[in-house]
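Novice: Residue numbers (the working numbering), protein chains in the order written: chain A, 18 to 368; chain B, 4 to 387.
For glycine and all other residues, C-beta sits at the position ideal for the given N, C-alpha and C.
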Amino acid sequence: MKKTTKQTLITLGMVLACYAVVEILMALGLVSSLMKGVLVPVCIYSLCAIGLNICVGYLGELSLGHAGFMCVGAFSGALCTKFLEGFIHNKAILFIIALFVGVCMAALFGFLIGIPVLRLNGDYLAIVTLAFGEIIKNIINNIYIAKDGSGYRFAFINSKTIELGEEGTWILNGPQGISKIPRISNFTIGIVLILIVLVISYNLVNSRTGRAIMSIRDNRIAAESIGINVTKYKMLAFVISAAIAGAGGVLYAHNLSTITATPTNFGYNMSIMILVFVVLGGMGSFRGSIIAAALLTLLPEMLRGLSDYRMLIYSIVLIAMMLFNWAPKSREWRDMMVEKFKEKRLKKEVD
Amino acid sequence: MKVMKKVLAVALMAAMVVSMTACGGAKGGSSTWKIGGIGPLTGGAALYGNAALNGAQIAVDEINEAGGINGYKIEFKAEDDQHDAEKSVNAYNSLKDWGMQALCGTVTTTPCLAVAELSAEDNIFEVTPSASNPDVVSHDNCFQVCFTDPNQGSASAKYIGEKKLASKVAVIYNSSDSYSQGVEETFVKEAANQSFEIVVETAFTDDSKTDFSTQLQQCQDAGAELVFCPFYYEVAAVILTQADQMGYKPIFFGVDGMDGILGVENFDTKLAEGVYLLTPFAADATDERTQKFVKTYQDKYGETPIQFAADGYDVIYVIKAAAEKANLKPDQTNEELCKALSQAMTQVSVDGLTGNGMTWAASGEVSKAPMAVIIKDGVYVSVE
């Protein structure tokens with residue numbers, strides 16, 4: 018078996034094993050409601066982290082706007098569900114359509130941003146995506162969509178132009194967001210999405226295209242000189258990365274019955290959080306991204322018992338983990354421990 | 004290195020699995036009432052969450068001292084949601100594991116919308132002290148103690164019109180906040196029927212809430228004598244300071260979010276002199292119930308309670324009234340409790356800190372009289 022295939026299978030197996038363990042525990046009634054509630058967010062953030070890892074780890078471009086793509090995916094997916102709710106009653110079909118729309122919209126926005134920015138060298142992408150995340154939030158907070166007897170009504174900035182009739186309901190009410198979204202997301206859907214995204218991502222990075230993308234990261238001039246179309250491959254990786262974040266957004270929208278575009282859930286803090294998952298898990302390691310996302314999502318909830326101190330402890334644990342994982346001294350120490358461990362085993366074998 | 008990684012991965016997985024099972028909650032009949040509270044105890048809206056849940060805690064202590072509800076003591080547990088829907092759902096789930104039978108919460112609107120969906124599914128009776136969006140009570144199990152946003156807006160407009168506070172009114176609101184926008188909408192609608200005229204309507208967003216010179220200049224140029232401020236107190240503190248620097252001195256009129264402005268750090272409370280706010284609670288009220296509550300609160304938490312504290316306090320008494328009306332015991336299942344409590348809610352009338360003779364429609368909205376408060380000499384004083 019090829020080394021890359023083995024790595025892929027290990028990661029997929031790990032996800033499946035986690036799923037099986039959790040499902041069994043749930044069937045036995047051993048999982049608390051708190052943990053059940055966190056399972057879907059774990060999947061959401063894992064997805065976004067995998068998406069961002071393609072962009073940061075493999076393409077080598079920093080994106081600070083992945084919460085923006087998540088936001089696009091969430092709102093377009095939720096709107097799609099709200100529009101189709103009356104016509105399609107099968108939840109699975111409803112979700113698949115919403116997923117398709119959300120992913121496509123996120124990819125489209127990724128493409129539009131990529132056109133001007135990915136032609137440039139340097140850290141421009143970080144700046145532009147940061148701005149994008151803020152802009153998209155403000156735009157969504159100014160869109161009003163309602164439905165009443167005479168059909169759909171749209172307004173931008175000023176909601177007072179919409180005079181709702183008796184039976185009228187708001188679909189997207191500016192800063193009040195979208196409410197009453199059917200709660201379709203569950204752990205199984207989340208895991209299936211992660212598996213699909215993992216297969217796509219591993220195939221991408223292990224293919225000819227993936228090697229082209231990585232060569233751009235390692236040395237752009239060399240890559241160009243052997244005839245690689247730099248802009249094209251950059252665009253490809255970035256759009257896929259945005260699309261995966263969009264999938265996370267769709268899952269997010271259908272998990273809570275209400276979504277609003279506020280700085281806490283789709284602001285740049287969230288973008289940074291996703292980046293933290295990627296950095297902690299290791300650039301270019303999808304498996305690490307998933308573990309880091311799961312760990313950092315579960316951690317604050319596990320620390321609930323400590324009430325106010327949990328914020329403090331969370332930050333300390335974050336710093337400690339970051340150091341343990343990536344500080345040169347700590348890595349040296351870890352390597353040393355492994356060497357010792359091996360020596361002991363060798364001695365035992367000799368004995 | 005590789006071995007280490009594997010060991011680490013296995014250890015992490017094991018830790019996760021253990022942590023998941025460790026909190027598997029005990030359920031079933033209990034001999035005490037378990038009431039949960041959810042609100043922002045940290046973050047930007049922490050003042051509200053802390054006030055409401057402290058107020059609730061005082062009510063719980065009082066009731067326990069007096070013998071509990073139907074002879075059973077109450078256990079109260081507060082969880083933090085950081086004013087975020089996702090965190091709020093987590094807080095709700097952790098309270099559910101604890102065995103919560105009724106929920107006092109959530110304090111803020113958006114999280115409440117998400118939690119209300121779950122509590123309706125799980126049949127857990129919910130009374131929110133201060134989530135004011137009308138959608139919050141769309142399920143049968145959820146009731147409000149505060150006014151809804153639309154009610155606050157129209158009541159403010161009526162109050163300004165009837166008392167003839169001003170003839171030219173300006174409105175500044177936060178267009179990225181559902182609460183602010185909801186109040187503003189109905190204020191403007193009702194203003195059309197009133198004697199005053201709205202000369203300026205101007206907005207800001209969460210991203211631009213540090214500089215208001217443009218908006219205030221607009222108000223000043225239009226000659227507005229009163230500025231209606233349907234937003235939270237921390238922003239109001241900035242606006243008052245900047246208006247003072249400009250030498251612009253209109254009447255500022257806020258709604259319940261303005262409550263708490265005297266508690267803002269580094270804010271010169273002299274600037275808040277003469278600010279009106281429409282709120283159902285004033286700490287200076289002379290009735291015995293309020294005075295006792297204010298004293299207990301000051302002794303326990305070292306500050307004067309704001310309206311949210313009174314709302315939280317009332318929630319617990321409302322739950323008590325409903326439970327006594329239906330003659331319930333804590334060993335019943337959540338389904339039974341929720342159904343009986345929801346029915347009893349429409350039959351009870353509660354005299355609370357935030358209103359006398361509060362009653363509820365089956366829709367979940369409260370009916371009580373609004374009240375205006377003015378800030379005089381650094382304290383909230385009710386105006387007749």
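(1) By the 10 Å Cβ neighbour count, where 16 or more other Cβ atoms means buried, how is K30 (chain B) classified, buried or exposed?
(2) Could you check what DSSP says for C149 (chain B) in three-state terms: helix, strand or coil?
(3) So, under 8 Å CB-CB, C115 (chain B) and V92 (chain B) are touching, yes? Tell me the CB distance rounded to an integer number of Å.
(4) Just the C-alpha distance for D64 (chain B) and K252 (chain B), rounded to the nearest angstrom, thanks.
(5) Which one or two residues does DSSP pair with T111 (chain B) in a beta bridge?
(6) Quick check on DSSP: helix, strand or coil for T307 (chain B)?
(7) Which ranges would you report for the beta strand (DSSP E) in the stretch 133 to 214 of chain A if only whole runs of at least 3 residues count?
(8) Between the stretch 281 to 295 of chain B and the stretch 368 to 378 of chain B, do at least 3 Cβ pairs fall closer than 8 Å?
(9) Count the other C-beta atoms from every protein chain shown that fall within 10 angstroms of the C-beta of Q294 (chain B), then say buried if there are 16 or more, exposed otherwise.
(10) Please list, in chain order, all residues of the same chain as I195 (chain A) whose beta carbon is under 6 Å from its beta carbon, the five residues on each side excluded.
(11) Have a look at B:V376, B:M361, B:G156 and B:G315 and flag the residue whose alpha-carbon is nearest the alpha-carbon of E129 (chain B).
(12) So for A25 (chain B), helix, strand or coil by DSSP?
(13) Can you look up F199 (chain B) in the DSSP assignment and give me helix, strand or coil?
(14) Would you mind listing the beta strand (DSSP E) stretches within the stretch 300 to 379 of chain B that are 3+ residues and don't spill past its ends, in chain order?
(15) Residues bridged to F86 (chain A) by DSSP?
(16) Express the C-alpha separation of L47 (chain A) and I213 (chain A) in angstroms, rounding to a whole number.
(17) Closer than 8 Å by beta-carbon distance: list the chain A residues that pair up with A117 (chain B), in chain order.
(18) Any beta-carbon of chain B closer than 7 Å to the one on R321 (chain A)?
(19) Residues of chain A with CB under 8 Å from G185 (chain B), in chain order?
(20) In chain A, which residues lie less than 9 Å from E338 (chain B) when you measure between Cβ atoms?
(21) Label Y182 (chain B) either buried or exposed according to how many other C-beta atoms from any shown protein chain fall within 10 Å of its C-beta, with 16 as the threshold for buried.
(22) For G298 (chain A) and L142 (chain A), I'd like the C-alpha separation in whole angstroms.
(23) Please list, in chain order, the chain A residues whose beta carbon lies closer than 7 Å to that of D100 (chain B).
(24) Mind checking if N286 (chain A) is an interface residue toward chain B, Cβ cutoff 7 Å exclusive?
(25) Based on the DSSP secondary-structure assignment, which residues constitute the bridge partners of T205 (chain B)?
(26) In whole angstroms, what is the alpha-carbon distance linking I72 (chain B) and T112 (chain B)?
(27) According to DSSP, is G31 (chain B) helix, strand or coil?
(28) Give me the residue from B:L106, B:Q147 and B:I175 with the minimum Cα distance to V241 (chain B).
(29) Should T22 (chain A) go down as buried or exposed, given a rule of 16 or more other Cβ atoms within 10 Å for buried?
(30) Anyone know if the C-beta pair for D179 (chain B) and N236 (chain A) falls short of 7 Å?
(31) What residues from chain A crowd round A88 (chain B), counting only those whose CB sits closer than 8 Å?
(32) Assess, as a yes-or-no matter, whether the stretch 199 to 212 of chain B is touched by the stretch 149 to 156 of chain B under the definition of 3 or more beta carbon pairs within less than 8 Å.
(33) Could you tell me whether the Cβ of E204 (chain B) comes closer than 7 Å to any Cβ of chain E?
(34) Please report the Cβ distance between G381 (chain B) and L243 (chain B), rounded to the nearest whole angstrom; I am assuming they are in contact, meaning their Cβ atoms lie under 8 Å.
(35) Any idea if L106 (chain B) is buried or exposed, counting beta-carbon neighbours within 10 angstroms, 16 or more meaning buried?
(36) Given this structure, state the Cα-to-Cα distance separating T24 (chain B) from A310 (chain A), to the nearest angstrom.
Specialist: Quick look at the numbers:
(1) Because the pLDDT at K30 (chain B) is just 45, under 50, the model does not fix this residue reliably, and the value given afterwards should be weighed accordingly. Exposed.
(2) coil
(3) The pair is not a contact, with the Cβ atoms about 11 Å apart (cut-off 8 Å).
(4) 44 Å
(5) Bridge partners of T111 (chain B): none, in fact.
(6) coil
(7) 160 to 165, 168 to 173 and 186 to 190
(8) yes
(9) exposed
(10) A95, L189 and I276
(11) B:G315
(12) Here A25 (chain B) scores only 45 on pLDDT, less than 50, and its place in the model is too uncertain to base an answer on.
(13) coil
(14) 353 to 355, 358 to 363 and 375 to 379
(15) DSSP output for F86 (chain A) lists no bridge partner at all.
(16) 28 Å
(17) L273, S274 and T275
(18) yes
(19) Q193
(20) Per Cβ cutoff of 9 Å: no residues; E338 (chain B) is ~16 Å from chain A at best.
(21) buried
(22) 22 Å
(23) S49, S50 and L51
(24) no
(25) B:I175
(26) 28 Å
(27) Here G31 (chain B) scores only 47 on pLDDT, less than 50, and its place in the model is too uncertain to base an answer on.
(28) B:I175
(29) exposed
(30) Strictly speaking, residue 179 (chain B) in this sequence is Ser, with Asp absent from that position. For S179 (chain B) and N236 (chain A), no; Cβs fall outside 7 Å.
(31) L273, T275, I276, T277 and N282
(32) no
(33) Absent from the structure is chain E; the protein chains it does hold are A and B.
(34) Not confirmed; about 14 Å, so no contact.
(35) buried
(36) Caution applies to T24 (chain B), whose pLDDT of 48 falls short of 50 and renders its modelled position unreliable; the model cannot decide the point.
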